[in-house]
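Just add 123 to the spot in the sequence shown (first one is 1) and you have this note's numbering.
Glycine is no exception: its CB is placed at the ideal position from the N, C-alpha and C atoms.
Below is one structure; the comments refer to it alone.
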Amino acid sequence: MSQNVRGSNSNDDVDADSLVSSSPQAGIPIGKPPSTEPAIFGFEDMHLVVGDWLQVECPAPSGIGRVFVRVVGYVEGISLIVTASSKNGKRLNILENEILTIRVFSRQSAFAFRSSVLRACQVPLDYLHLSFPEVVHGRMIRKSTRVRIELAVTAFVPAEGQGEGESALIENMSSTGALLVASKALGATGDALRLDFEATLHDVDTPLSVEALLLNVVRSDDLNREGTEEMFRHGMEFRNLKASDRMIIKSLVYQQIIENPNSIV
């Protein structure tokens, strides 16, 4: 059973839609009737363990913006303990009593809640005591959920092809496929392509080279500063992904959901 404990900040006025996207494509909690609204969860539903990454959104006046911290531990009903974020080796100045918005992806759901900084500690390491979450908003993320994203990609046709390849842009992505936009058609429906791109997770760049099946090609005229430009959008389905590549792609999608909830297509 979750414990509903009053923290040092009130969550009664939290706008759930501003914390977790209310897009119907984001899915619904397991075992609950269909709903277009985010659901309320208990702390234990997040299944947080030591070392999990949390995204922290600091108050605008602080100028810090969004940073990542790791879970150190928690005392149920009292405090969530996290590492203090740093940049270029310097500890960011997150102050006591500041109200933070916390976002996390756990298993198949995206969660968000608000906490205040109870205590900023420096011994034996830099860490923060946050008020224990009173209300946790969440939404199940389906495997097919797509997010808007901009990733430069090099496409090779056929998949085994060598040479320079064709430059394109991944416009949106799910864990099972992507939408590519390019200045020319990259192939015909049914063609197998190889896509080379970099996934950035927690500021670490990981090169990927994956096989994808071209499902469809649609021509469109895009507006730019010079007027209209003929572009081609390609619906792609990932094929024969290695387990490690599948995990990286899923993590990239989930990171985008957490960092930019409104990016869900």
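Span separating the alpha-carbon of residue i from that of residue j
i: His252; j: Asn363; result: 44 Å
i: Val376; j: Ser298; result: 7 Å
i: Phe355; j: Ser229; result: 35 Å
i: Thr268; j: Ala207; result: 32 Å
i: Ser374; j: Asp344; result: 32 Å
i: Val388; j: Asn295; result: 8 Å
i: Pro182; j: Leu337; result: 44 Å
i: Phe236; j: Ala275; result: 33 Å
i: Asp175; j: Ile272; result: 24 Å
i: Met370; j: Leu292; result: 21 Å
i: Arg226; j: Gln178; result: 5 Å
i: Gln231; j: Ile222; result: 27 Å
i: Gly300; j: Asp168; result: 28 Å
i: Glu287; j: Val192; result: 39 Å
i: Glu353; j: Gln379; result: 28 Å
i: Asn220; j: Ser239; result: 5 Å
i: Ser158; j: Ile264; result: Confidence at Ser158 is low in this model, with a pLDDT of 37, below 50, so the placement of that residue should be treated as unreliable; the coordinate-derived value is given next. Cα-Cα distance, rounded: 13 Å.
Of the listed residues the options, nearest to residue i (C-alpha basis)
i: Tyr197; options: Val190, Val205 and Phe191; result: Val205
i: Gly200; options: Val192, Pro256 and Ala233; result: Pro256
i: Arg218; options: Cys244, Arg193, Ser386 and His357; result: Per the sequence shown, residue 218 should be read as Leu rather than Arg. The candidate whose alpha carbon is nearest that of Leu218 is Cys244.
i: Leu316; options: Gly358, Asp326 and Val258; result: Gly358
i: Ala335; options: Ala278, Phe166 and Asn220; result: Ala278
i: Leu324; options: Met169, Lys307 and Ile372; result: Ile372
i: Arg342; options: Leu302, Val240 and Asn220; result: Leu302
i: Ser306; options: Thr312, Glu289 and Asp319; result: Glu289
i: Ser241; options: Ser386, Ser202, Asp249 and Ala366; result: One detail in the question is off: residue 241 reads as Leu in this sequence, not Ser. Considering only alpha carbons, the answer is Ser202.
Where residue i sits in the DSSP three-state scheme
i: Pro184; result: helix
i: Ser386; result: helix
i: Phe166; result: helix
i: Gln178; result: strand
i: Ser297; result: coil
i: Gly358; result: strand
i: Glu219; result: coil
i: Thr312; result: coil
Start-to-end residues for the alpha helix (DSSP H) that takes in residue i
i: Ser431; result: Because the chain is modelled from 124 through 388, residue 431 falls outside the range shown and cannot be assessed.
Element boundaries [beta strand (DSSP E), containing residue i]
i: Thr323; result: Ala315 to Leu324
i: Gly288; result: Note, Gly288: premise wrong, no beta strand (DSSP E); not H, not E.
i: Thr224; result: Ile222 to Ser229
i: Glu199; result: Neither: Glu199 is in no beta strand (DSSP E) and is coded neither H nor E.
i: Thr277; result: Val270 to Phe279
i: Gly261; result: Val259 to Met263
i: Leu248; result: Taken as a continuous stretch (DSSP letters only), Leu248 belongs to no beta strand (DSSP E), as it is neither H nor E.
i: Ser239; result: Ser232 to Cys244
Close Cβ partners of residue i (< 6 Å) along its chain, the five nearest in sequence each way excluded
i: Asp328; result: Glu321
i: Glu180; result: Arg189 and Thr224
Residues near residue i in its chain [Cβ-Cβ closer than 8 Å; skip 5 each side]
i: Asn216; result: Ser185 and Ile187
Neighbourhood of residue i by C-beta distance below 7 Å, restricted to the same chain and skipping five residues each side
i: Asp368; result: Leu331 and Val333
i: Val280; result: Leu309, Gly310, Asp314 and Leu316
i: Ile381; result: Gln178, Arg226, Val227, Phe228 and Ala233
i: Asn383; result: none
i: Val173; result: Val194, Val195 and Gly196
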